Amino acid sequence: MSSTDRSARHAARQETAAMNQQIEEARQRIEASKKNLKEIQLEKKDVREQTELQEEIRKGVLECPICTENYNSVDRIPRFFEKCGHTAYTHCFSCQVTTKDKEINERRLKKKNVFDLPCPMCRKIKRVMSDFDEQFPINEEVLVFAQASAK
Ligand SMILES: [Zn+2]
Ligand SMILES: [Zn+2]
1 MSSTDRSARH
11 AARQETAAMN
21 QQIEEARQRI
31 EASKKNLKEI
41 QLEKKDVREQ
51 TELQEEIRKG
61 VLECPICTEN
71 YNSVDRIPRF
81 FEKCGHTAYT
91 HCFSCQVTTK
101 DKEINERRLK
111 KKNVFDLPCP
121 MCRKIKRVMS
131 DFDEQFPINE
141 EVLVFAQASA
151 K
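In terms of UniProt numbering, the sequence shown has 125 at position 125, counting the first letter as 1, and numbering is strictly consecutive.
Below, the structure written as structure tokens:
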């Protein structure tokens with residue numbers, strides 16, 4: 001084998017090594033951009049899910065959970081059921097009273113003008129006077145939110 005042959009082979013080997021190195025680098029770049037793309041897609045998904053969640057919360061906060069009507073400051077004022085912290089508008093607190101509740105309540109009502117009202121969501125009992133609207137504190141936060149959203 002001549003020295004020219006040897007140096008030609010050596011050069012060829014070096015060239016192959018350099019090409020392999022380039023291929024490896026390109027492969028790594030592709031992997032990196034794939035990873036990047038995946039992260040971007042995940043981020044997008046996160047944003048979408050958060051928007052959906054916010055929308056759900058917004059709706060949940062602005063609507064009475066019983067009748068799903070939006071609150072307002074006139075005839076659908078959101079009020080707290082202090083015993084448990086649930087919010088609804090008072091008409092819906094009262095319309096959830098069952099017939100049996102009503103019978104018991106009517107007997108009490110005759111005696112003392114008070115009756116037991118169960119929370120429509122968790123059935124916790126609050127003892128109230130017959131005209132009970134004012135006995136539930138207004139949920140100011142929800143009211144402000146409802147008014148802002150109505151505009
Ligand atoms: Zn309602
Ligand atoms: Zn409740």
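Heads up, the beta-carbon is just placed ideally off N, CA and C, and yes, glycines get one too.
As the structure is a computational prediction, the values presented were derived from the model and not from experiment.
For the 8 Å CB-CB criterion, K45 and K83 do not form a contact. Here R127 has V114, D116 as same chain residues with Cβ atoms under 6 Å from its own Cβ, once five neighbours each way along the sequence are excluded. Proximity of the beta carbon of I77 to ligand 1 is not indicated: no heavy atom of the ligand is located closer than 7 Å.
Straight-line spacing of the CA atoms in A11 and K35 works out to 36 Å.
At the C-beta level, A88 and C64 come within 8 Å of one another. A straight-line Cα-Cα distance of about 43 Å links R13 and L42. Only buried fits N139, as 16 or more other CB atoms lie within 10 angstroms of its CB. For the segment 7-34, not one full-length alpha helix (DSSP H) segment reaches 4 residues or more.
Rounded to the nearest angstrom, the gap between the Cα atoms of R58 and E39 is 28 Å.
According to DSSP, residue pairing for R127 in a beta bridge involves D116.
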